[in-house]
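Chemist: Sharing a structure below in structure tokens format, with a few things to ask.
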Amino acid sequence: MPVSPRMREKLKRALNARRVALVGASREQLSVGIGPLYNLLSRSFQGEVLPVNPNYNEIFGLKCYPTLESINPPPDLAVLLLNRDRALEMAERAGKIGIPAVTIVAGGFREIRSGGKAFDERLLELATHYEMGVIGPNTLGFSSFHKGLHSIFWHLDALPGPVAVLSQSGGVGLTICQGLIDLHCGISHFIGLGNCTVLDFADYLEVLADDPNAGTFLLFIEGVEHGRSLYEALKKTALRKPVVAYKAGKNEGVSRATATHTGNLAGEYRLYRSMFKQAGAFEAQSVFDAAVAAKALSMLKTPRGHRICALTFTAGPCIVAMDKLLDAGWEFPDLSPEAKLKIGSILGEKTAVDIQNPVDLTGPGFIPQIYKSVLETVLQEDFDAYFLVWSFNPLLRDATIEIEYLAKKHPEKILVFVFIAHQIEAAPYLAALHSKGICTYLNPEDGATALNALLFRHNFLKREGLR
Amino acid sequence: MILPEHEANRMLADAGMPMIAMREVKSAEDARMRAGDLGCPVALKLSSVLYSHKTEVGGVLLNLASEEDVGKAFEKLEKLRDSLDSRASIIMEPMAPTGTEFFIGFQLHPQFGPVMGLGLGGVWLELIQDVTFRLLPARMADFREMCAELKSWSKLQRGYRNLPPLDEGILTNLMEKTAEVALSHPEIVELDLNPVVVRSDGAIIVDARVLIDSSPLFFEAGLCSDDGAAGTLPDRS
Chain A
1234 MPVSPRMREK
1244 LKRALNARRV
1254 ALVGASREQL
1264 SVGIGPLYNL
1274 LSRSFQGEVL
1284 PVNPNYNEIF
1294 GLKCYPTLES
1304 INPPPDLAVL
1314 LLNRDRALEM
1324 AERAGKIGIP
1334 AVTIVAGGFR
1344 EIRSGGKAFD
1354 ERLLELATHY
1364 EMGVIGPNTL
1374 GFSSFHKGLH
1384 SIFWHLDALP
1394 GPVAVLSQSG
1404 GVGLTICQGL
1414 IDLHCGISHF
1424 IGLGNCTVLD
1434 FADYLEVLAD
1444 DPNAGTFLLF
1454 IEGVEHGRSL
1464 YEALKKTALR
1474 KPVVAYKAGK
1484 NEGVSRATAT
1494 HTGNLAGEYR
1504 LYRSMFKQAG
1514 AFEAQSVFDA
1524 AVAAKALSML
1534 KTPRGHRICA
1544 LTFTAGPCIV
1554 AMDKLLDAGW
1564 EFPDLSPEAK
1574 LKIGSILGEK
1584 TAVDIQNPVD
1594 LTGPGFIPQI
1604 YKSVLETVLQ
1614 EDFDAYFLVW
1624 SFNPLLRDAT
1634 IEIEYLAKKH
1644 PEKILVFVFI
1654 AHQIEAAPYL
1664 AALHSKGICT
1674 YLNPEDGATA
1684 LNALLFRHNF
1694 LKREGLR
Chain B
506 MILPEHEANR
516 MLADAGMPMI
526 AMREVKSAED
536 ARMRAGDLGC
546 PVALKLSSVL
556 YSHKTEVGGV
566 LLNLASEEDV
576 GKAFEKLEKL
586 RDSLDSRASI
596 IMEPMAPTGT
606 EFFIGFQLHP
616 QFGPVMGLGL
626 GGVWLELIQD
636 VTFRLLPARM
646 ADFREMCAEL
656 KSWSKLQRGY
666 RNLPPLDEGI
676 LTNLMEKTAE
686 VALSHPEIVE
696 LDLNPVVVRS
706 DGAIIVDARV
716 LIDSSPLFFE
726 AGLCSDDGAA
736 GTLPDRS
């Protein structure tokens, strides 16, 4: 169940910690105790890193404390890089000296069937007693990238950015982050929730919704004990900031069947699915889809309607995207007669092509000047969003400069750009486009998913009377 | 516990739900007389707490075309009652009208609290499982979205085969009403309305299964405050 406001206040302090104790810090390469130390030191963390380990006087030039209690005043956060039993003991000691929150990386709690649950209960008991936040257990920990507070114990080379990743699984969370990195999208927070014994999604959402660095939320959910409080937290958050959710356990065999009739039909996944929609959380269908959607939601404004225009010189990618876009409720209204005339004159009489929406320029389209003139023409039309396709060919100059120019000239317009090229040759273009605020993907399905996430948000805000 | 069908029918009818007319009949003579009043064909059913799937035990006799058939059917059900559940009642209903059949369900879900389901009803419910859910309280806009989420909706709305076109408002109003009734009766743990027959002139609930809990678990769980007891939030536009 959601924790007390006081505990949330402590969580907030921990997520913005200035003084971080690393209990069990180590310089041994095979120890988890080296991870957060390395991550914090290699980032521009401006706060104090306080290793605790009686076996060392100093580690990597930092003073090493023999005990948690010898740090004065107590730190804002203690990352417990210890096994379960020692972590439980240290958590108790942390509570006694008033440390706001601890991260427990150790497993061996309720995720193991033989007796693990008792340790969860013990942990919950002491956290409640001291009103101390507990991140995990059974987690990589968390990182607040804007603060350089990179305290997870694993590798994650993310740039600070707008997306807060909240993942029940560290492994999936990292995969999501890789997707965001591939898309040149920065990350504000990485939070491995682990077992959620004390702090659950609702608590992190509540605290981070107020954080200006967290612009869009991306959640990976395996399953939660308190579905109702997740729903309420998601909805509350989505009314302020975009939320993307990806849920595992879709197979009915995974879901908990209840004996009653409605219960049987309400296989849990279906309930989650309906709940996400009602709460305004865009449900992604894969890890990468989740990253695709989060990028668009964090970069682009929400459209005011569902009228879209597509521009390409190769029809296929548009057709592929249209399948997904039309399913989600986008419409492709025809261009005005004036626009059609103008595009006809830009293309010239020799180009035998039907001018319609999607606009397929065929051959002349890969001349940047023509692409630009047509794009400028359709940008004058009243569409809620634009789907632009460019197929990369190193023999020709591409139109990215023109697109950047027009995007800057029409900041009110929502553009999703599909740059068809393989990941390696596209990388410098993606970085440049991203830095200019052009939301770019490498294939049409991703572009469509991005637009569908935006339309979903428009529909949600409209349903909630916010537009 | 599961309410006997005739009690469920009465409880929901009292709450303003459009239930099919149902009467308990006490004897073959009584049944014949009622059938005469109601007009044949009628249906006779065994209403038992022990057997909620009454068709499987032969407890539903449909399309009784004459008063004579009704008398015989009553005697048959009486024997069945003696062998299965002596406390069961025998009830008479007019034959269900034809129309588009839906399922409306409500459940106090252990994780999500009050949840409403909408599905393509009748025998298709379990076979096709074209169902969708929302947490309650919900908005009218949510109920409309639920309709649109049914895979069969667009075809049904136009009038599938010999069925008349559907009036979405009739269904969504009934969903709203169901939500209101379910949330204002905290003892209702589960509600299955199936089939709900939607016609151009309104909806009729032909069969209702109500599971009630004598302890007001609903309020204990703190899932809904008193002022939130209405099943529908005002639509924002």
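So the protein sequences, as listed, match chains A and B.
If you read the first sequence in the numbering used here, its first letter stands for residue 1234, the second for the next number, and so on.
If you read the second sequence in the numbering used here, its first letter stands for residue 506, the second for the next number, and so on.
Backbone N, C-alpha and C define an ideal beta-carbon position, used for all residues, glycine too.
Bear in mind the structure is a predicted one, so any value in this text is a computation, not a measurement.
(1) Could you pull the DSSP bridge partners for residue 1543(A) from this structure?
(2) Going residue by residue through the segment 1331 to 1375 of chain A, where are the continuous alpha helix (DSSP H) segments of at least 4 residues, counting only ones entirely within it?
(3) Whose C-beta lies closer than 6 Å to the C-beta of residue 608(B) among residues of the same chain, with five residues either side of it excluded?
(4) Say whether chain B places a C-beta atom closer than 8 Å to the C-beta of residue 1355(A).
(5) Provide the residue(s) that pair with residue 618(B) in DSSP beta bridges, ordered along the chain.
(6) Would you call the CB atoms of residue 1530(A) and residue 1696(A) closer than 8 Å?
(7) Taking its Cβ as the centre, do 16 or more other Cβ atoms sit within 10 Å of residue 1575(A), making it buried, or is it exposed?
(8) Going by DSSP, what residues sit across from residue 595(B) in a beta bridge?
(9) Taking the alpha-carbon positions, what's the residue 1419(A) to residue 1535(A) distance?
(10) Ordered along the chain, which non-local residues of its own chain (more than five positions away) have a Cβ less than 6 Å from that of residue 1480(A)?
(11) When burial is assigned at 16 or more other CB atoms within 10 Å of the CB, is residue 1323(A) buried or exposed?
(12) State the DSSP-derived secondary structure class of residue 1402(A), mapped to helix, strand or coil.
(13) Run through the DSSP bridge pairs and tell me what residue 1325(A) is partnered with.
(14) Taking Cβ positions only, does residue 1237(A) come closer than 8 Å to chain C?
(15) Which of the three DSSP states, helix, strand or coil, is assigned to residue 1246(A)?
(16) In the segment 598 to 616 of chain B, which residues sit with their C-beta less than 9 Å from some C-beta in chain A, listed in chain order?
(17) List, in order along the chain, the chain B residues whose C-beta lies closer than 9 Å to that of residue 1464(A)?
(18) Looking at the structure shown, is residue 1420(A) part of a helix, part of a strand, or coil, going by DSSP?
(19) Taking the C-alpha atoms as reference points, what is the distance between residue 1397(A) and residue 1450(A)?
(20) With a cut-off of 8 Å, does the C-beta of residue 637(B) fall near any C-beta of chain A?
(21) Nearest chain B C-beta to residue 1539(A) closer than 8 Å, yes or no?
(22) Can you find a CB in chain A that lies within less than 8 Å of the CB of residue 687(B)?
(23) Please list, in chain order, all residues of the same chain as residue 1495(A) whose beta carbon is under 7 Å from its beta carbon, the five residues on each side excluded.
(24) From residue 510(B) to residue 599(B), what does the alpha carbon distance come to, in whole angstroms?
(25) Quick check: what's the CA-CA separation for residue 573(B) versus residue 530(B)?
(26) Got a sec: is the Cβ-Cβ distance from residue 1504(A) to anything in chain B below 8 Å?
(27) Please classify residue 556(B): does DSSP put it in a helix, a strand, or coil?
(28) Given that residue 644(B) touches chain A, what residues does it touch there, using C-beta distances under 8 Å?
(29) Cutting at 6 Å between CB atoms, please list the residues of its own chain near residue 696(B), excluding the five before and the five after it.
(30) Using a 10 Å radius around the Cβ and a threshold of 16 neighbouring Cβ atoms, would you call residue 1510(A) buried or exposed?
(31) Using a 10 Å radius around the Cβ and a threshold of 16 neighbouring Cβ atoms, would you call residue 1497(A) buried or exposed?
(32) State the Cα-Cα distance for the pair residue 1491(A) and residue 1642(A), rounded to the nearest angstrom.
(33) So residue 1370(A) and residue 1427(A) are in contact, right, with Cβ under 8 Å, and what is the actual spacing, rounded?
(34) Can you look up residue 1255(A) in the DSSP assignment and give me helix, strand or coil?
(35) Write down the C-beta distance between residue 1600(A) and residue 1624(A) rounded to the nearest angstrom, noting that I regard them as a contact closer than 8 Å.
(36) For residue 1473(A), which of helix, strand or coil comes out of DSSP?
Modeler: Taking the coordinates as given:
(1) Paired residue(s): 1620(A).
(2) Within the segment 1331 to 1375 of chain A, the complete alpha helix (DSSP H) segments at least 4 residues long are 1349 to 1363, listed from N- to C-terminus.
(3) Taking residue 608(B) as the centre and dropping the five residues before and after it, the same chain places the C-beta of 624, 626, 630, 699 closer than 6 Å to its C-beta, in chain order.
(4) It does not; no Cβ of chain B falls within 8 Å.
(5) In the DSSP output, where bridge partners are listed per residue, residue 618(B) has 614(B).
(6) Their beta carbons are not under 8 Å apart, which means residue 1530(A) does not touch residue 1696(A) by this criterion.
(7) Buried.
(8) 551(B).
(9) Across the structure, residue 1419(A) and residue 1535(A) are spaced so that their CA atoms are roughly 19 Å apart.
(10) Apart from sequence neighbours up to five positions away, the residues of its chain that approach residue 1480(A) with a beta-carbon distance below 6 Å are 1454, 1505, ordered along the chain.
(11) Buried.
(12) Secondary structure of residue 1402(A) (DSSP, three-state): coil.
(13) Note: residue 1325(A) sits in no beta bridge, so no partner.
(14) Going by chain labels, chain C is absent from the structure shown, which instead holds the protein chains A and B.
(15) Secondary structure of residue 1246(A) (DSSP, three-state): helix.
(16) Listed in sequence order: 608, 610, 611, 612, 614, 615, 616.
(17) Chain B residues near residue 1464(A): 617, 618, 640.
(18) Residue 1420(A) sits in a strand when the DSSP states are folded into three classes.
(19) Rounded to whole angstroms, residue 1397(A) to residue 1450(A) spans 5 Å at the Cα level.
(20) It does: the Cβ of residue 637(B) has a partner Cβ on chain A nearer than 8 Å.
(21) Any Cβ of chain B closer than 8 Å to the Cβ of residue 1539(A) would place that residue at the interface, and such an atom is absent.
(22) With respect to chain A, the C-beta atom of residue 687(B) has no partner C-beta closer than 8 Å.
(23) Note on residue 1495(A): pLDDT 40, under 50, position unreliable in the model; the coordinate value appears next. Once the five neighbours on either side are set aside, residue 1495(A) has no close Cβ partner at all.
(24) Residue 510(B) and residue 599(B) have their C-alpha atoms some 15 Å from each other.
(25) So the two alpha carbons sit approximately 15 Å from each other.
(26) Yes, because at least one Cβ of chain B sits closer than 8 Å to the Cβ of residue 1504(A).
(27) DSSP places residue 556(B) in the coil class of the three-state scheme, outside both helix and strand.
(28) Within chain A, the residues near residue 644(B) are 1696.
(29) Cβ contact annotation for residue 696(B) (same chain, cutoff 6 Å, sequence separation greater than five): 611, 687, 715, in chain order.
(30) Burial call: buried.
(31) Low confidence applies here, because residue 1497(A) scores a pLDDT of 44, under 50, leaving its location unreliable; read the following figure in that light. Burial check for residue 1497(A): the Cβ neighbour count within 10 Å stays below 16, so the residue is exposed.
(32) Low local confidence applies: a pLDDT of 31 at residue 1491(A) is under 50, so the model's placement there is unreliable, with the coordinate-based value given in what follows. Distance between residue 1491(A) and residue 1642(A), taken at the CA atoms: about 57 Å.
(33) Taking a contact as a CB-CB distance under 8 Å, the pair residue 1370(A) and residue 1427(A) counts as one, their CB atoms being some 6 Å apart.
(34) In this structure, residue 1255(A) counts as strand in the three-state DSSP scheme.
(35) Not a contact, Cβ separation roughly 13 Å.
(36) Coil.
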